[in-house]
Every structure is written in structure tokens, then in C-alpha cells.
Amino acid sequence: MNIFTCPVCGEMLDFSEKSAVCRNNHSFDRAKSGYVNLLLSKHMGKAVHGDNKLMVRARREFLDKGYYSPLCEKLCQTVKKYASDNSVILDAGCGEGYYTSAVKETVSAEIFGIDISKTAADYAAKRSKNISFAAASVFHIPVKSFSCDVLITLFAPYCGEEFHRVLKENGIMIMAIPSESHLWELKKAVYDTPYKNTVKPYELDNFEFIKSERISFDIELNSNQDIQSLFSMTPYYYRTGRKEQEKLSLMENLKTQCDFELLTYRKS
Ligand SMILES: C[S@@+](CC[C@H](N)C(=O)[O-])C[C@H]1O[C@@H](n2cnc3c(N)ncnc32)[C@H](O)[C@@H]1O
Ligand SMILES: [Zn+2]
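Our numbering applies: residue 11 is where the sequence shown begins, and numbers increase by one.
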């Protein structure tokens, strides 16, 4: 089963081992891992190509150690509530596929993932052979309109119009965001003046807000590598000076709060 469409003309794509082709003969390469590259250079934005190899690897290493498993479990429970075996689920901004593959293990639905980072799509495809991945932007999703029962968006850019378009009538959107105190102790250890996260109002255009669930727990990291991996997964990574980097490089232990919210919406 396929929901991916041609990013040039919008026709459905036909998949073979090495490529995906539409009826107008627009052709897109599939990597060895199986993901298909549906990125058009005009959709890639100026400098932003998503997570680079270093960040993807750090995310893979960190998540595979299970530090965020309470969030993953809650996500899977929530997906299970809304998805059946015939459901179609899209993970928009799926990263290296940690959560995507966990969802696949929970429900035997058809699962698709997109990420603008080719490295992330490649890692995700290598992890799960029974999920279809594409390199694509959430701002131009090459997916058939009204094709998804559930869309998940976890710490990734939001595009309400596109998410609304690809969801079926009454489709469900599940979103994870960092809450107020997420990684508070890490921020305190690195910054002179740390700030708590501000959580925006839950209301979104064209979606009915169903509920928010708070998932808070502590994690204990006992290696500098894990601390650095965690830090490189955060948005602060991009705006860290030499002084902060030095503090980070000296840390061997860290106990910090993880504080998330899982928000559920229905397409209206
Ligand atoms: C913080 S990571 C989260 C990844 C994954 N959802 C997770 O929680 O492990 C954000 C992801 O969004 C991707 N990304 C950034 N801009 C994007 C865009 N315009 N379209 C699709 N993905 C994008 C990045 O490449 C990165 O993999
Ligand atoms: Zn085409």
C-alpha cells in the first residue's frame, strides 16, 4: 500500500526496488536502505536541510538507550487508542525512526515516515523494513490528500495546512512538545541564566483540541557522551557558545528532569 505522491505533478507513485515513478514519468531514486528521495530543491528552504549526520547519530544512540521510553510508551498507548489494523499513520518529521518503529510494533497499521534530512530517512529505513520512508519536507508533503487516519508530529516543524490536508475526515493528530521544565537541570548546569520553556496555547486552527497529557520523569546520565548526545538533540545546541561547550565537555554525570506534553487533536 502506498500514499506517496509525485512532488512534481501530484500523481501517485509506483514503487520498484530502485525508484518510484509517476504516470508522467517523473522518477525518484530509492536508496539501498529503501527510503525514497522526494525532495525538490525548490522546497528545501535556504540553509535548512534538517538534522545532519552527527545529530542523527547522537539521537539514535541516545534514544536507543531507552532514556525517553516513558514518552514512547505513552505515545504508543495513545496511537493504539485511535488506530486500528487498517489505519494509515504518518510520522511527519520522523527523525531516525525510534518512535515510528515503536508505533509499528504496537499496531499493525500501515506506517509512513518523512523527514527532510536524508540521513535521518536513511537511518529510519535501515531500522524498520516494514515502514515506508521518504526524504520530504512537512511544508510540501508528497502524500495523497485525505489518506491518513493518524498523523504524529514529535518535536518537528509544524505545518497545519499540510497536516490537515493529508488527514482523513476526523483524523487524529498526536503532537509531542517539551514542557516547562524539560531538561531544567541540564540548562542550569550549562547556562548562567537558564529559562524554563514557555508552552504555547494548545488551540490550533482547523483542529479540535482533545487533550494534553504531561509525561514527567527523571533521567540519570553517567557518561559525557550521553550528555553531549542529549544536548545535541536540543534546540539550544545551535546557540551555544564556547563557554557553555566547555562546561558541557567537563560533565560526566547529570540527573535531569524530562518534561513532555503529548497533545491530541482531531481534524475539524
Ligand atoms: C528534534 S528532531 C525530532 C525527530 C523525531 N520526531 C524524534 O522525536 O526523534 C526534528 C526533526 O525534524 C526534521 N525536520 C526539520 N525541518 C523539517 C522539515 N521542513 N520537514 C521535515 N522534517 C524536518 C529534522 O531533520 C529532524 O529529524
Ligand atoms: Zn509526476
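Glycine included, C-beta positions come from ideal geometry on N, C-alpha and C.
Asked, Found
"From Lys154 to Tyr247, what does the alpha carbon distance come to, in whole angstroms?", "35 Å"
"In chain order, what residues of the same chain lie with their CB nearer than 7 Å to the CB of Glu213, ignoring the 5 residues before and after it?", "Phe219"
"By how many angstroms is the C-alpha of Pro167 removed from the C-alpha of Phe173?", "11 Å"
"Could you check the C-alpha separation between Tyr133 and His59 for me, to the nearest Å?", "15 Å"
"Look at the Cβ atom of Phe7, then the Cβ atom of Ser142, and state whether they are nearer than 8 Å.", "With the chain covering 11 to 278 only, the question about residue 7 has no answer from this structure."
"Is Gly181 helix, strand or coil by DSSP?", "strand"
"By how many angstroms is the C-alpha of Tyr92 removed from the C-alpha of Glu115?", "15 Å"
"Between which two residues does the alpha helix (DSSP H) carrying Glu223 extend?", "Note, Glu223: premise wrong, no alpha helix (DSSP H); beta strand (DSSP E) at 217–231."
"Three or more C-beta pairs under 8 Å: does that hold for the stretch 69–83 against the stretch 247–256?", "no"
"Consult DSSP for Ile237 and reduce its assignment to one of helix, strand or coil.", "helix"
"Measuring CA to CA, which of Ser26, Phe227, Glu195 is closest to Val46?", "Ser26"
"Examine ligand 2 and report whether any of its heavy atoms sits within less than 7 Å of the Cβ of His36.", "yes"
"Express the C-alpha separation of Ile187 and Val89 in angstroms, rounding to a whole number.", "16 Å"
"Helix, strand or coil: how does DSSP classify Ser242 here?", "helix"
"Using the Cβ count rule (16 or more neighbours within 10 Å means buried), how would you classify Arg249?", "exposed"
"Near Val18, what residues of its chain come up, given a Cβ to Cβ distance below 6 Å and the 5 sequence neighbours on each side ignored?", "His36"
"Indicate whether Met243 and Ala199 have their beta-carbon atoms separated by less than 8 Å.", "no"
"Suppose the cutoff is 8 Å on Cβ atoms and the five residues either side in sequence are ignored; what does the same chain contact list for Asp228 look like?", "Lys265, Thr266, Gln267, Cys268"
"Kindly indicate the opening and closing residues of the beta strand (DSSP E) around Cys86.", "Premise fails: Cys86 lies in the alpha helix (DSSP H), 79–92, not in any beta strand (DSSP E)."
"Would you say the beta carbon of Val153 is closer than 7 Å to some non-hydrogen atom of ligand 2?", "no"
"Could you check what DSSP says for Lys277 in three-state terms: helix, strand or coil?", "strand"
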